[in-house]
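So the sequence shown is numbered by our numbering: it starts at 7 and just counts up by one.
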Amino acid sequence: MSEALLSIAGLSKSFSSAGRSVAALDNVSLDIAAGKTLGLVGASGCGKSTLARVLLRLTRQDAGSIHFGGEDWLALGGAALRVRRGRMQMVFQDTLASFNPYASVGGVLDDPLRIHEVVKGPARRAEVARLLERVGLPPAYASRSIRELSGGQRQRVAIARAISTRPSLVVFDEAVSALDATIREKVLELLVELQKEQGIAFLFISHDLAIVRAVSHDIAVMEVGRIVETGNTGSVISAPQSVAARALVAAVPRLVTARLAEE
Ligand SMILES: Nc1ncnc2c1ncn2[C@@H]1O[C@H](COP(=O)(O)OP(=O)(O)O)[C@@H](O)[C@H]1O
Ligand SMILES: [Mg+2]
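Structural data, given as structure tokens:
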């Protein structure tokens, strides 16, 4: 087996609330190969977003290690971390809250290009147009305000922002959960295309197995802070081993939608 792009080992994180300690992550270990999608699925409150936040260095772990692109990711700090942040990007669910609502679409996309020095000077404007086209939006949208966009359009801008720094991993946390079914399908198709084209690895998080299976090569099932099952998408769905995986499979009325990732 080739070395994983991302390797998480023994990750733990507890929160204390009302004098009690809640283990949001309990000895979590996961690998993601370059260019592949790992779907992380589990009931609400099982610790998925905590895992995403620790990965993105927004929440500090209690224990465990993360190796990303061959480096000890949790040991990086200061300038070394800032320089590398563009390699791992994130798309959240609540798109309006993850933008400055008064920003323009062009401004949202220009910021990371400038900060991470992806392209310089006047070339940034052309790069913003290229990014918008790539996610299926007219380049003229650069001058629009974020508030004028629909939920699906905002999520396309969030995807464009995430890929602007040419990351090797993007974490999607319930990124399509709030979209209508037809719009969601289109966004999932875009993600699969972008992955094939650019070789980006995805950690695709959702409470909904039907969404996860559409894009994931492998699936990890989480239950109260622990990974209880991992395997390739087909085998987890056709022969779930854990109680949690069986419950998730049983909760999906119809698991016959196209498996986009398998084409
Ligand atoms: N900042 C926090 N302070 C206290 N408890 C938290 C915090 N963030 C998450 N938790 C708790 O950790 C557990 C996992 O939460 P979360 O990672 O958001 O789950 P999920 O994303 O799977 O719904 C839950 O019990 C949640 O209440
Ligand atoms: Mg969550």
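Beta carbons are placed, not taken as given, at the ideal position from N, Cα and C, and that holds for glycine.
Within 10 angstroms of the beta-carbon of Thr188 lie fewer than 16 other beta-carbons, which makes it exposed. Here the C-alpha atom of Thr239 lies approximately 44 Å from the C-alpha atom of Gly127. In this structure, Lys202 has its beta carbon at no less than 7 Å from each heavy atom of ligand 2.
Between the stretch 218 to 237 and the stretch 20 to 40, the count of C-beta pairs closer than 8 Å reaches three or more; the two stretches touch. In this structure, Thr171 lies near His122, with their beta-carbon atoms less than 8 Å apart. Taking a contact to require three or more Cβ pairs closer than 8 Å, the stretch 40 to 57 and the stretch 201 to 217 qualify as touching. With 16 or more neighbouring CB atoms inside 10 Å of its own CB, Lys54 falls in the buried class.
If you draw a straight line from the Cα of Ser183 to the Cα of Ile165, it comes to about 14 Å.
When DSSP states are grouped into helix, strand and coil, Val218 belongs to the helix group. Restricting attention to Tyr108, Glu139, Asp100, Met96, the CA atom closest to the CA of Pro118 is found in Met96. Closest in alpha carbon position to Ile217, among Glu195, Gly237, Glu203, Glu235, is Glu195. Not one heavy atom of ligand 2 sits closer than 7 Å to the Cβ of Glu229.
With three or more CB-CB distances shorter than 8 Å, the stretch 63 to 73 counts as touching the stretch 10 to 18. Of the residues Arg140, Ala181, Gly237, the one whose Cα lies closest to the Cα of Gln161 is Ala181. In this structure, the beta-carbon distance from Ile152 to Phe105 falls below 8 Å. Distance from the CA of Ala253 to the CA of Gly142, rounded to the nearest whole angstrom, comes to 36 Å. Contact check for Val134 against Ala148 passes: the beta carbons are separated by less than 8 Å. For Ala69, the secondary structure class from DSSP, reduced to helix, strand or coil, is strand. Classified as exposed, Ser244 has fewer than 16 neighbouring CB atoms from the shown chains inside 10 Å of its CB.
Proximity of the beta carbon of Phe105 to ligand 1 is not indicated: no heavy atom of the ligand is located closer than 7 Å.
Between the beta-carbon of Val242 and that of Ala251 there is about 6 Å, and that keeps the pair under the 8 Å contact cut. Secondary structure at Arg26: strand, using DSSP grouped into helix, strand and coil. If you check the C-beta of Ser13 against ligand 1, you find no heavy atom less than 7 Å away. One thing to note: Leu102 has its Cβ no nearer than 8 Å to the Cβ of Val177. In the three-state DSSP reduction, Gln201 falls in the helix class (H, G or I). If you draw a straight line from the Cα of Ser22 to the Cα of Gln67, it is about 14 Å long.
With a threshold of 7 Å, the Cβ atom of Ser183 does not count as near ligand 1, since no heavy atom of the ligand is closer than that.
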